[in-house]
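Enquirer: Residue numbers (this note's numbering): 5 to 108.
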Amino acid sequence: MSVRKGVNKLKKNHYELPPELSGLFIITQKLIQFVRDSHIDPIMKLDDEKIVKASDIEFCDYEGTPFVDKDEEKIIRVISPGWIYTDKDIQIARPKIKELGDDD
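1) In the DSSP assignment, find the alpha helix (DSSP H) that holds residue 41 and state where it starts and stops.
2) Out of curiosity, what's the CA-to-CA distance linking residue 21 and residue 36?
3) Could you compute how far the alpha carbon of residue 32 sits from the alpha carbon of residue 71?
4) Where residue 27 and residue 59 are concerned, what is the direct C-alpha to C-alpha distance, given to the nearest angstrom?
5) Does the Cβ of residue 19 have 16 or more other Cβ atoms within 10 Å, making it buried, or fewer, making it exposed?
6) Pop quiz: residue 82 and residue 48 are said to be a contact at Cβ under 8 Å. What is the actual Cβ separation, rounded to whole angstroms?
7) Go ahead and label residue 105 buried or exposed: buried means 16 or more other beta carbons lie within 10 angstroms of its beta carbon, across all protein chains shown.
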């Protein structure tokens, strides 16, 4: 999770929060632990780049040009991983993906 990595980076750099926010690191760690313990997992990996067909991304929020046919392939980047409650196989949030163009 990017939040966990960010918090760990701040700690490693000995960053000190203002006293008003001193419990923020603890709250963040406990929230991350709750999500893990509840078996809420990301569907895709953030910033992954993949070659996909339209059928591969039916369960995603897609930003890009329309697919011309079922065999057309596009390169995409994962903007948001999406989340699934693994125990019940319930999708909580759809992954957000974006088509990569020549300028990306």
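Note that CB positions come from ideal geometry on N, CA and C, so glycine has one too.
From a predicted model like this one, the values you see are computed outputs, not experimental measurements.
Expert: Let me lay it out:
1) By 1-based counting over the sequence shown, the position of residue 41 is 37. Looking at the DSSP string, the run of the alpha helix (DSSP H) that includes residue 41 is 28-41.
2) Here residue 21 refers to the residue found at position 17 of the sequence shown. Here residue 36 refers to the residue found at position 32 of the sequence shown. Using only the alpha carbons, I get a separation of about 19 Å.
3) Counted from its first residue, the sequence shown places residue 32 at position 28. Counted from its first residue, the sequence shown places residue 71 at position 67. Those two C-alpha atoms are separated by around 40 Å.
4) Taking the sequence shown and counting its residues from 1, one reaches residue 27 at position 23. Taking the sequence shown and counting its residues from 1, one reaches residue 59 at position 55. About 45 Å.
5) Here the question's residue 19 lines up with position 15 in the sequence shown. Looking at its Cβ environment, which holds fewer than 16 other Cβ atoms inside 10 Å, residue 19 is exposed.
6) Position 78 of the sequence shown, counted from the first residue, corresponds to residue 82. Position 44 of the sequence shown, counted from the first residue, corresponds to residue 48. Residue 82 to residue 48, Cβ: 5 Å. Contact.
7) Within the sequence shown, residue 105 is the residue found at index 101, counting from 1. By the 10 Å Cβ count, residue 105 comes out exposed.
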